[in-house]
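**Q** Those letters in the sequence shown? Residues 0 to 108, by numbering that gives the first Met the number 0.
Just so you know, even glycine gets a beta-carbon here, dropped at the ideal spot from N, CA and C.
Since the model is a prediction, treat every value here as computed from it, not as a measurement.
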Amino acid sequence: MDRLLSDPQGMSHAIHSWAEAQGLLIDFDSSKESSSIPVAIKRRLGESVVPVVMAHGMGDSCFNDGMQHINQHVSDLLGGVYSTCIPTGKDRHEDTTNGYFLNMDASVD
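#1: Are there 16 or more other CB atoms within 10 angstroms of the CB of S16, so buried, or fewer, so exposed?
#2: Give every residue of the same chain whose Cβ lies closer than 6 angstroms to the Cβ of R91, excluding the five residues on either side of it in the sequence, and list them in chain order.
#3: Under a three-way DSSP split, which group does V49 fall into?
#4: Go ahead and pull the three-state DSSP assignment for S5.
#5: What does the Cβ neighbour count give for I69, buried or exposed, with the cut at 16 atoms within 10 Å?
What follows is the structure in structure tokens.
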């Protein structure tokens, strides 16, 4: 906890690096992206569209390319619905460390 307070960016980088080395982060490789969007899985409730709100796991961040790609992909799959990841911090570093040190109740507030 001392390092989190004295060097939040360094702590965030260390956590992110560890999670990446363990294969725990969602990555996005644009060279592998498929251009086909299955129309059959579009979901509509009458004329209303239900938005999608996501949260990331420990070590990841809403500011990372992988999470942003997932949000866009979900929106595309569902016919353009609003999709977002709600960060628990003001930047990537704070969002990453909060994934470990902020309890879920505080994260939702």
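**A** According to the data block:
#1: Here S16 is exposed. Its C-beta has fewer than 16 other C-beta atoms within 10 Å.
#2: Result list for R91: S60 and F62, in chain order.
#3: It is coil, neither helix nor strand.
#4: Three-state DSSP puts S5 in a helix.
#5: Counting C-beta atoms within 10 angstroms of its own C-beta, I69 has 16 or more neighbours from the protein chains shown and is therefore classed as buried.
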